[in-house]
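Asks: Numbering (my numbering), first residue to last: 578 to 859. All residues carry an ideal CB built from backbone N, CA and C; glycine is no exception. The structure follows.
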């Protein structure tokens, strides 16, 4: 990572709960892992080259528009493993192109591709594989702290990038959101608590994700969408994330005001992912 703009903050000022001396919060650790992976790739391909490739791509698909409709829209996520669930699909059984095809066949509105390798087993190249296999909007799911990750995502065919409130300082979040839009992408700005709503609105997010899962404890608060929806303008697309596994849970977040739901683990474990997507589109 180059220069001071991409530098990561330390301790509780990073937006995670204060930890005992010598301890690092999980969210901070995940951001640092992604930053280290990014630094390694940057040694091989410069930011300028990624930007050139990004500009050579066809215009991004409208991620926000894809998430509005009469029924709950499903962002179908692919991931090899997670720190909380362990291995979901290891080795040759994890095939992003095949998953993208299945997700599109099931009626997904968009696809989320996890690109963090150290803890999730993903790689940026999986975006390219998914792009070749489907025509849906693609979201880069990662712990983004640097413009390089944004340009790389667009160069590989992504149409949106996840930005997590609390993963970087508010000013940095704004810089990254502006950079996403310079490349034609509208980011998904993720929050987990009421105190973060204003940060998302300050960057004029058109798409806000409410993550029911605390990224430091992995505890799930299924009522979060209902509590935060009144604080978010109706013109803003609201995505419920984590903890939705069946039609009943999907219906609950739809009734709470969600426009879309992001589902990963349940789809990765499903015998028929396409059928589950259809079930969730309540």
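(1) With a CB to CB cut of under 6 Å and the five nearest residues on each side skipped, what residues in its chain are close to residue 841?
(2) Since residue 617 is in the alpha helix (DSSP H), which residue starts that stretch and which ends it?
(3) Which residues bound the beta strand (DSSP E) around residue 786?
(4) For the pair the segment 610-624 and the segment 752-763, tell me if three or more CB-CB distances fall below 8 Å.
(5) Output the boundary residues of the beta strand (DSSP E) element that contains residue 690.
(6) Is the Cβ-Cβ distance between residue 692 and residue 717 less than 8 Å?
(7) Taking the straight line between their C-alpha atoms, what separation do you get for residue 880 and residue 787?
(8) Spell out the partners DSSP gives residue 837 in its beta bridges.
(9) Measuring alpha carbon to alpha carbon, tell me which of 605, 703 and 800 ends up nearest residue 861.
(10) Rounded to a whole number of angstroms, what is the C-alpha to C-alpha distance between residue 848 and residue 625?
(11) Do residue 719 and residue 739 have their C-beta atoms closer together than 8 Å?
Replies: In short:
(1) Here residue 841 refers to the residue found at position 264 of the chain shown. Within the same chain, residue 841 has close Cβ partners 654 and 656.
(2) Position 40 of the chain shown, counting from 1, holds the residue named residue 617. Run containing residue 617: 603-619, per the alpha helix (DSSP H) assignment.
(3) By one-based count along the chain shown, residue 786 stands at place 209. Residues 784-788.
(4) no
(5) In the chain shown, counting from the first residue as 1, residue 690 sits at position 113. 687-691 is the extent of the beta strand (DSSP E) around residue 690.
(6) Translated into positions along the chain shown, residue 692 becomes position 115. Translated into positions along the chain shown, residue 717 becomes position 140. In this structure, residue 717 lies closer than 8 Å to residue 692 by Cβ.
(7) The question about residue 880 has no answer here: the residues shown for the chain are numbered 578 through 859.
(8) As a first step, residue 837 is located in the chain shown; it is residue number 260 there, counting from the start. Beta-bridge pairing links residue 837 to 650 and 816.
(9) Limits of the chain in this structure are 578 at one end and 859 at the other, which puts residue 861 out of reach.
(10) Position 271 of the chain shown, counted from the first residue, corresponds to residue 848. Position 48 of the chain shown, counted from the first residue, corresponds to residue 625. Their Cα atoms are separated by approximately 42 Å.
(11) Position 142 of the chain shown, counted from the start, is the residue given in the question as residue 719. Position 162 of the chain shown, counted from the start, is the residue given in the question as residue 739. Yes, the Cβ-Cβ distance between residue 719 and residue 739 is below 8 Å.
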